[in-house]
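The numbering used here puts the first residue of the sequence shown at 2, with every later residue one more than the last.
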Amino acid sequence: MRVLVVEDDPEAVDYLTRAFKEVGIVADHAGDGDDGLLMASEDNYDVLVVDRMLPRRDGLSMIAELRGKGLDTPVIILSALGQVDDRVTGLRAGGDDYLPKPYAFSELLARVEVLGRRKSAREAETQYRVGDLELDRLSHQVRRAGQPITLQPREYRLLEYLMKNADQVVTRTMLLENVWDYHFDPQTNVIDVHISRLRSKIEKGFDTPLLHTVRGAGYMMKADA
Numbered sequence: 002m003r004v005l006v007v008e009d010d011p012e013a014v015d016y017l018t019r020a021f022k023e024v025g026i027v028a029d030h031a032g033d034g035d036d037g038l039l040m041a042s043e044d045n046y047d048v049l050v051v052d053r054m055l056p057r058r059d060g061l062s063m064i065a066e067l068r069g070k071g072l073d074t075p076v077i078i079l080s081a082l083g084q085v086d087d088r089v090t091g092l093r094a095g096g097d098d099y100l101p102k103p104y105a106f107s108e109l110l111a112r113v114e115v116l117g118r119r120k121s122a123r124e125a126e127t128q129y130r131v132g133d134l135e136l137d138r139l140s141h142q143v144r145r146a147g148q149p150i151t152l153q154p155r156e157y158r159l160l161e162y163l164m165k166n167a168d169q170v171v172t173r174t175m176l177l178e179n180v181w182d183y184h185f186d187p188q189t190n191v192i193d194v195h196i197s198r199l200r201s202k203i204e205k206g207f208d209t210p211l212l213h214t215v216r217g218a219g220y221m222m223k224a225d226a
């Protein structure tokens with residue numbers, strides 16, 4: 002399991018990273034909200050442990066930005082603000098769990114493990130469905146309304162990633178990193194070309210569009226526009 006700890010208190014960082022390491026969890030560290038946002042956006046973490054009060058960008062703003070980008074990595078918020086209204090605000094900002102300070106590491110670890118299992122369960126799904134479109138990850142077969150659809154390998158990877166993140170905005174950066182394995186913008190129209198080809202194959206001859214362009218943001222697989 003890989004965890005990103007977003008915390009500006011050096012003592013807390015040292016304590017958490019050492020404690021996670023002792024139980025076999027890799028823990029990276031970001032010291033403020035901007036760095037946390039960058040690292041969480043660019044790397045593949047199982048769980049984010051985010052302090053609410055951070056320099057440059059507060060924890061809630063960071064989480065809301067991640068959710069706005071379509072990233073669904075589980076987040077547990079740590080905060081000295083532990084009243085009911087504080088917890089509700091944190092959860093509504095996109096947090097999955099909220100642990101008031103002071104806390105016992107054993108409780109934090111248990112909560113991190115629960116969130117990590119949820120992510121693993123989602124990734125272990127062997128079939129994705131959006132409307133009448135089905136993708137079988139074991140056989141690599143794609144069907145819409147029971148009709149088989151033939152895709153090239155890159156088109157299949159593109160559709161698989163879009164369907165895995167159905168009902169969420171998928172940005173161009175996310176597609177470059179997860180479908181093309183690029184960690185830079187090649188300044189080409191490669192995404193537009195493949196989106197156009199994929200859209201033609203999964204929508205031509207069918208009444209309901211499934212692959213939507215979200216202007217200024219990216220793309221979304223959704224059964225209803």
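Where is the CB? At the ideal position from N, CA and C, for every residue including glycine.
With a contact defined as Cβ atoms closer than 8 Å, residue 215 and residue 167 miss out at about 13 Å.
Here residue 10 is exposed: its Cβ has fewer than 16 other Cβ atoms, across all protein chains shown, within 10 Å. Under DSSP, residue 214 takes part in a beta bridge, and its partners are 220.
In this chain, the beta strand (DSSP E) harbouring residue 6 covers 3 to 7. The three-state secondary structure of residue 80, taken from DSSP, is strand. It is roughly 23 Å from the alpha-carbon of residue 31 to the alpha-carbon of residue 183. Non-local C-beta neighbours of residue 219 in its own chain, meaning closer than 8 Å and more than five positions away in sequence, comprise 71, 170, 171, 172, 173, 175, 176, ordered along the chain. Nearest to residue 39 by alpha-carbon distance, out of 113, 93, 82, 60, is 60. The residue among 196, 85, 139, 37 with its C-alpha nearest the C-alpha of residue 66 is 37.
Excluding residues up to 5 positions away in sequence, 6, 28, 30 lie with their Cβ nearer than 7 Å to the Cβ of residue 18 in the same chain. Under DSSP, residue 136 takes part in a beta bridge, and its partners are 129, 143.
Leaving aside the five residues that flank residue 134 on each side, the residues in its chain whose CB is nearer than 7 Å to its CB run, in chain order, 145, 203, 211. Contact annotation: residue 63 and residue 51 have beta-carbon atoms nearer than 9 Å. Taking a contact to require three or more Cβ pairs closer than 8 Å, the stretch 102 to 116 and the stretch 78 to 89 qualify as touching.
When DSSP states are grouped into helix, strand and coil, residue 64 belongs to the helix group. For residue 103, there is no enclosing alpha helix (DSSP H), as DSSP gives it neither H nor E. Measuring C-alpha to C-alpha distances from residue 138 to each of 181, 119, 159 identifies 159 as the nearest.
Measuring C-alpha to C-alpha distances from residue 41 to each of 56, 57, 194, 75 identifies 75 as the nearest.
Linking residue 109 to residue 127 through their CA atoms gives a straight-line distance of about 30 Å.
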